[in-house]
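Undergrad: Letter 121 of the sequence shown, counting from 1, is numbered 980 in the numbering used here, and no numbers are missing. By construction, the Cβ of each residue, glycine as well, lies at the ideal position given by its N, Cα and C atoms. All values reported here derive from a predicted model rather than from experimental measurement.
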Amino acid sequence: MRYIKKYLLFILLLNLINCNLFNKNKNLDHNLQPNKINNIISSLDSNQKQALIFFKNLVKNKQYSKDLEQASKSYLENLKEKNNQNLNLQNKLNQGLNCDYDDSKIEKLFDQLGNDKMKKFLQQLHLMLKSINDGTLISFSSSNFRDTTTLSQKKEKALEYIKSQLYIEFYFHSNDISDTEFFFQRTIALLETQN
C-alpha cells in the first residue's frame, strides 16, 4: 500500500510539471534529434535519461526568460559596483542574452562537462526531482517555505525555483557569461543543497 501511494504521488507530480517523463521512449524519439544527443543518451541510465528530457524541455521553454533578464541586470550592476573593467562581459550583458534554444548549446555544454560530470549533473537533477515529488526535500522545513501551507504548494515553489535557477545558469553558460566549471559547481551546489 505504501508503494502504491508513493507511485501515485510520483505520477501526480509528473503530470503537474507536464514533462511526460514516464513516456521516455516516445519523448526520446520525439524531442531529441539524431545527433550527438543520441550518443549521450546511449551512455545514460533511465533516471539520467529522464533528467535529460526534463532539462532539455526546461531550456527550450522561454517561460523563465524574464528571470534570465533580471539575473543579467543584477550581474551587470554587481560588476559595475566592483569596478570590474571587463568591457566584453559588460557589453554582452548590456545587449541582452540570447535565450533561443539550439541543440548545439546543450551538446557543447555536455561535451565540455565530460561524461562523469554530465552524469553527476543529471543524477543530481533526478534526485532533486524525486525528493520534491516525495515531499522529502530538506529545505521544505526552512524559512523559505513558511508562507506556504500545503505540501503541494511547497513542491510547486521548490520546482519553480529550481527550474528558474537551472535556466539562468544554462543561458549564462551558453552566452559565455560563465564557464563550464562555474556552471557545474553552481548547479551541483544548488541540486545537492535541495536534497
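Buried or exposed: where does Gln1114 fall if 16 or more other Cβ atoms within 10 Å of its Cβ makes it buried?
TA: One cannot answer for residue 1114 here, as it falls past the ends of the chain, which runs 860 to 1054.
Undergrad: Taking the alpha carbon of Lys967 as the point to measure from, which residue in Leu935, Leu1049 and Phe1029 has its own alpha carbon closest?
TA: With distances taken between Cα atoms, Lys967 lies closest to Phe1029.
Undergrad: Contact check, Leu972 vs Phe980 under 8 Å by CB: the rounded distance?
TA: 7 Å between Cβ atoms; contact.
Undergrad: Spatial neighbours of Ile1047 within its chain, please: C-beta separation below 8 Å, excluding the five flanking residues on both sides.
TA: Cβ within range, chain order: Lys979, Phe980 and Gln983.
Undergrad: So for Asp993, helix, strand or coil by DSSP?
TA: Note: Asp993 maps to helix in three-state DSSP.
Undergrad: Provide the residue span of the alpha helix (DSSP H) that contains Leu946, from first to last.
TA: Run containing Leu946: Leu946 to Gln954, per the alpha helix (DSSP H) assignment.
Undergrad: At what residues does the alpha helix (DSSP H) containing Gln929 begin and finish?
TA: Residues Ser924 to Glu940.
Undergrad: So which of Ile1036, Glu1040 and Lys989 has the shortest CA-CA distance to Ile1021?
TA: Of Ile1036, Glu1040 and Lys989, the residue nearest in Cα terms is Lys989.
Undergrad: By Cβ distance below 6 Å, which residues in the same chain neighbour Ser924 in space, the five residues on each side in sequence not counted?
TA: Within the same chain, Ser924 has close Cβ partners Cys958.
Undergrad: Are Lys1014 and Ile1036 close, meaning C-beta to C-beta below 9 Å?
TA: It is not a contact, given that the beta carbons lie outside the stated cut-off.
Undergrad: Taking only three categories from DSSP, how would you classify Ile900?
TA: Helix at Ile900.
Undergrad: Could you check what DSSP says for Ser817 in three-state terms: helix, strand or coil?
TA: The displayed coordinates of the chain run from 860 to 1054. Any statement about residue 817 would go beyond what the structure contains.
Undergrad: Tell me the rounded alpha-carbon separation between Thr1007 and Gln907.
TA: Roughly 30 Å between the two C-alpha positions.
Undergrad: Span of the alpha helix (DSSP H) holding Lys908?
TA: Taken as a continuous stretch (DSSP letters only), the alpha helix (DSSP H) holding Lys908 covers Ser905 to Lys919.
Undergrad: Please look up how many angstroms separate the CB atoms of Asn920 and Leu935, rounded, as I've assumed it's under 8 Å.
TA: At roughly 24 Å, the Cβ-Cβ gap does not stay under 8 Å, so Asn920 and Leu935 are not in contact.
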